[in-house]
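What follows is one structure encoded as structure tokens, with my remarks underneath.
In the numbering used here, the protein residues as written are 959 to 1260.
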């Protein structure tokens, strides 16, 4: 649900449903919703698991809605709502899962948490690749991915509950508030630089690939490659964190991402696009994981 738009965008372009400019507006609406969702998470006084459930249901419903709505205005609203839900899921799931792992002294398993995003991206990419081969339109793609998201939410619904009171404790801790100091502000700026760097390829990689090769069996693989790299990289990086620390891993990952973003510029071919998918896909969730872990370390109980 979080990245459904990216593999569906080439399908929408082929159907003349959106131009590149309109695609940019839809992506921007999603990220604006994501920003608002992240800011609202600062003040929400709910259980983490409740926010995760709400976010997952919202993402599934609005993704299905994208396949039912007809107007561009409705699409903008739905993508913004999807952004709010996505922010809640990432923030609260990260805090909840990392807190659980820390309490169990199993922090080395943090990579499995963040590998979920890459796994979902891969599934979405392969699903859309198959639909393009079968000449199925984008509305069915939106509906299909929305249903998959809702089914997956149903499957994990019972897991999202707390038996030992840790969730209540984490909610009380967030009530104490948090004072932003210089080091924390610097981390926020670094995370902003990361968002500025990865968002163009993460949104338009399949659309860029389609400009060079029209065959979906070729350009369609750019997004699954992106997702597979994202999933595997977090598992490897979680082990590497123990040796070089979050900040050095984060900095190194930023540099690799910069190479990936530059690849299509210096190498404007389908190969350059695939290199971008591999390098950016292989770093964007590592940056997320390192940033979340460092935020948890700096923020402490808040």
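No residue lacks a Cβ here, since even glycine has one placed at the ideal position from N, Cα and C. None of these values were measured; they are calculated from a predicted model.
- Within the same chain, and ignoring the five residues on either side of residue 1080 in sequence, the residues whose Cβ sits closer than 6 Å to its Cβ are 1182, 1185, 1186.
- Rounded to whole angstroms, the gap between the alpha carbons of residue 1021 and residue 1227 is 32 Å.
- Boundaries cannot be given for residue 1226, as no alpha helix (DSSP H) includes it and DSSP labels it neither H nor E.
- Look at the beta carbons and you see the region 966-978 not touching the region 997-1011: under three pairs across the two are nearer than 8 Å.
- Assignment of residue 1118 by DSSP, reduced to helix, strand and coil, places it in the coil class.
- In this structure, the straight-line span from the alpha carbon of residue 1072 to that of residue 1204 is close to 15 Å.
- Here the region 1043-1059 makes contact with the region 987-996; the two share three or more CB pairs at distances below 8 Å.
- Taking 3 residues as the minimum length, the region 1147-1185 contains no beta strand (DSSP E) run wholly inside it.
- If you draw a straight line from the Cα of residue 1037 to the Cα of residue 1118, it is about 25 Å long.
- With the rule of 3 Cβ pairs closer than 8 Å, the region 1205-1216 counts as touching the region 1242-1255.
- Look at the beta carbons and you see the region 1082-1094 not touching the region 1188-1196: under three pairs across the two are nearer than 8 Å.
- The alpha carbon of residue 1177 has as its nearest neighbour, out of 1146, 1216, 1214, 1233, the alpha carbon of 1233.
- Residue 975: not part of any alpha helix (DSSP H); DSSP gives it neither H nor E.
- For residue 1055, the enclosing alpha helix (DSSP H) begins and ends at 1030-1061.
- Just so you know, the alpha carbons of residue 1029 and residue 1001 end up roughly 33 Å apart.
- If you draw a straight line from the Cα of residue 1172 to the Cα of residue 1166, it is about 10 Å long.
- Taking all protein chains shown into account, residue 1026 has fewer than 16 neighbouring C-beta atoms within 10 Å of its C-beta and is therefore exposed.
- 1237 is the residue among 1230, 1237, 1018, 1197 whose C-alpha sits nearest the C-alpha of residue 1216.
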